[in-house]
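Protein chains: 2
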Amino acid sequence: MTTATARRTPADKHDERRRALADSALRTLGELGYARASLREIANNSEFSHGVVHYYFHDKLDLIVYCVRQYKATCVHRYDGVVADATTPEGLVAAFADKLVETIVDEAPMHRLWYDLRSQSMFEESLREAVLQIDQTLEDMIWRVVGTYAELAGREPAMTPHVAYGLLDGLFQQALLGYLCDLEGVLDDLRAQVHRLMPVLLAP
Amino acid sequence: MTTATARRTPADKHDERRRALADSALRTLGELGYARASLREIANNSEFSHGVVHYYFHDKLDLIVYCVRQYKATCVHRYDGVVADATTPEGLVAAFADKLVETIVDEAPMHRLWYDLRSQSMFEESLREAVLQIDQTLEDMIWRVVGTYAELAGREPAMTPHVAYGLLDGLFQQALLGYLCDLEGVLDDLRAQVHRLMPVLLAP
DNA sequence: GAGAAGTCTTGACAGTCGTCAAGAAAACGG
DNA sequence: CCGTTTTCTTGACGACTGTCAAGACTTCTC
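For the protein sequence lines, the chains are A and B, in the order given. Those letters in the first sequence? Residues 1148 to 1351, per the working numbering, in order. Those letters in the second sequence? Residues 1148 to 1351, per the working numbering, in order.
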């Protein structure tokens, strides 16, 4: 009865419901993208009715930004284990590259949704604040990997966090598109590319 | 009367009209993006009526793919002059970087439209063929720059065309987003980043 | 200049969209 | 158990969408 988990205020329940709704919505958004995923379709692929969205979210933009924020909040810790377990620079690179490939296979819909949202933010000003914030967390995520890699290698990073993220994101996006287009070898290519790129990110 | 330009078949006129319509459409598409640019809005911002679109194009997708193809067809020759005029590796890099910055300022709407279309192709299979083709021409464009740079420097490229394009595209996309978000210094940053990256693309 | 072919306008069609309001249902507090 | 508050469903609204067809207009051909 009076366990710790029973200590839930109404506000907590409200938030919990928002999270559950966002989780459902993410499935549909990852499948259809930002523009083609209607609120009715999102609701149909969930346990909720289409009207309930406006009870928990102000409007469609509010829902979608919340969804992507929620996904990315956990996403940015994907490589924490890689960083924590690494003992050699080569081992870190290998684990990092493997994890990159793994997430393309496992979460391609989520990644394309992110790139969709980021592209839309180039047109829709109201998306830019959230996109810039998320982009920053991704940059930090990458920098934790590169920084640890530099430490293990006993060398200094030769690039800013911004550049390191830009370069890796370019390769990742390319691989994601190739994977979704069923091109052959894109995943192995990505792995090899990361192995080649990482040493370049460090000063000689 | 019987000048060379008067030698126009009806098919030529038809193509010319398609090009003119596409030119108008590109303005609206660059402003609103793929999803929010309706055929009526496109027609309103042109000298045509909304029905004429279906006389020259099969449907909306047909129009938009034609538009982006048309734009990119000229876009891929942007650096031809840079390549042709270059006499030293450093000069080539400087001219290339300047041109990259210039096109962000001058043609930001067109570039964001391209990234929009490429993102959409991750969801819409019918876009993928065109996107992959255009992406290949962009890769070739970049490789003409990198290849000439390698020749002038008397060294060998250390990356495949695919990787070189992926890396530069990542930086470019980042700078474009920053520019559209009115972030300070993104253009100078891009210039500096290209100066640093290009030597890395060559073998020691 | 009459007829034919090509070009374009207009208006309508069947859907879909985001949004909201009225009220049912459920959960809660005493 | 009743009254209140929160939660959710249902149905409707106006606006907007891509598409198309009927006909007007222009251009060309003989």
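Yeah, the Cβ is synthetic: ideal placement off N, Cα and C, and Gly gets one too. Since we're looking at a predicted model, the values are computed, not measured.
Interface partners of residue i on chain B, CB under 7 Å
| i | result |
| --- | --- |
| A/Cys1328 | Arg1275 and Leu1279 |
| A/Leu1182 | A quick correction: the sequence has Ala, not Leu, at residue 1182 of chain A. Ala1182, listed in chain order. |
Within chain A, the residues that residue i reaches when beta carbons sit closer than 9 Å
| i | result |
| --- | --- |
| B/Phe1243 | Those do not exist, as B/Phe1243 stays about 17 Å from chain A at its closest Cβ, beyond 9 Å. |
| B/Asp1263 | Asp1263, Ser1266, Gln1267, Met1269 and Phe1270 |
| B/Val1292 | The contacting residues do not exist; B/Val1292 stays about 16 Å from chain A at best. |
Assigned secondary structure, residue i (DSSP; H/G/I helix, E/B strand, else coil)
| i | result |
| --- | --- |
| B/Leu1348 | coil |
| A/His1342 | helix |
| B/Glu1331 | coil |
| B/Asp1206 | coil |
| B/Thr1150 | Confidence at B/Thr1150 is low in this model, with a pLDDT of 33, below 50, so the placement of that residue is unreliable and no value is reported for it. |
| B/Glu1178 | helix |
| A/Val1223 | coil |
| A/Ser1171 | helix |
| A/Glu1271 | coil |
| B/Glu1163 | helix |
| A/His1197 | helix |
| B/Asp1336 | helix |
Supposed contact pair residue j and residue i - C-beta distance, whole angstroms, cut 8 Å
| i | j | result |
| --- | --- | --- |
| A/Leu1349 | A/Ala1311 | With 8 Å as the limit, A/Leu1349 and A/Ala1311 do not qualify as a contact, their Cβ atoms being about 10 Å apart. |
| B/Ser1268 | B/Leu1274 | 4 Å |
| A/Val1199 | A/Thr1284 | Not really, about 29 Å apart at Cβ, beyond 8 Å. |
| A/Arg1216 | A/Ile1281 | 7 Å |
| A/Leu1176 | A/Ile1211 | 7 Å |
| B/Val1341 | B/Ala1244 | 4 Å |
| B/Val1293 | B/Val1230 | 10 Å between Cβ atoms; not a contact. |
| B/His1309 | B/Glu1286 | 6 Å |
| A/Leu1314 | A/Leu1344 | 7 Å |
| A/Leu1318 | B/Gly1317 | 7 Å |
| B/Tyr1181 | B/Asp1263 | 5 Å |
| A/Val1240 | A/Tyr1296 | 7 Å |
| A/Pro1256 | A/Glu1178 | 6 Å |
| B/Tyr1226 | B/Met1288 | 6 Å |
| A/Val1248 | A/Leu1334 | 5 Å |
7 Å Cβ cut-off: residues of chain A touching residue i
| i | result |
| --- | --- |
| B/Asp1316 | Gly1317 |
| B/Gly1332 | Correct list: empty, because the minimum Cβ distance to chain A is about 11 Å. |
| B/Val1200 | Chain A residues near B/Val1200: none, gap ~19 Å exceeds 7 Å. |
Partners in chain B for residue i, counting only beta-carbon separations shorter than 9 Å
| i | result |
| --- | --- |
| A/Val1179 | Position check: residue 1179 of chain A holds Leu in this sequence, whereas Val was assumed. Here the neighbours are Phe1270. |
| A/Gly1313 | Leu1314, Gly1317, Leu1318, Phe1319, Gln1320, Gln1321, Ala1322 and Gln1340 |
| A/Arg1302 | Here the premise fails: no neighbours, minimum Cβ distance about 15 Å. |
| A/Arg1259 | Ser1266, Met1269 and Phe1270 |
| A/Val1223 | Ordered by position in chain B, no residue passes the 9 Å Cβ test against A/Val1223, which lies about 17 Å from the chain. |
Span of the alpha helix (DSSP H) around residue i
| i | result |
| --- | --- |
| A/Tyr1203 | Val1200 to Tyr1203 |
| A/Met1257 | Pro1236 to Ser1268 |
| B/Glu1188 | Leu1186 to Asn1191 |
| A/Val1292 | Arg1275 to Ala1300 |
| B/Gly1319 | Per the sequence presented here, residue 1319 of chain B reads as Phe, with Gly not at that position. Where B/Phe1319 is concerned, the enclosing alpha helix (DSSP H) stretches over Pro1308 to Leu1327. |
| A/Val1230 | Asp1227 to Asp1232 |
| A/Ala1305 | Segment: none, A/Ala1305 is in no alpha helix (DSSP H) and carries neither H nor E. |
Proximal chain B residues relative to residue i, where beta-carbon distance stays under 8 Å
| i | result |
| --- | --- |
| A/Tyr1213 | Residues of chain B passing the Cβ test: none, with the nearest at roughly 20 Å. |
| A/Val1240 | Correct list: empty, because the minimum Cβ distance to chain B is about 16 Å. |
| A/Val1248 | Neighbours of A/Val1248 on chain B: none; closest Cβ ~15 Å, over 8 Å. |
| A/Val1252 | By Cβ distance, chain B contributes nothing, its closest Cβ being about 15 Å from A/Val1252, past 8 Å. |
Contacts that residue i makes with chain A (C-beta to C-beta distance below 8 Å)
| i | result |
| --- | --- |
| B/Val1347 | Val1347 |
| B/Val1229 | Correct list: empty, because the minimum Cβ distance to chain A is about 21 Å. |
Stretch-stretch touch, CB-based, cutoff 8 Å, three pairs: the region 1174-1188 of chain A with the region 1198-1213 of chain A: yes
Quick check: the region 1237-1252 of chain B against the region 1330-1341 of chain B, are at least 3 beta-carbon pairs closer than 8 Å? yes
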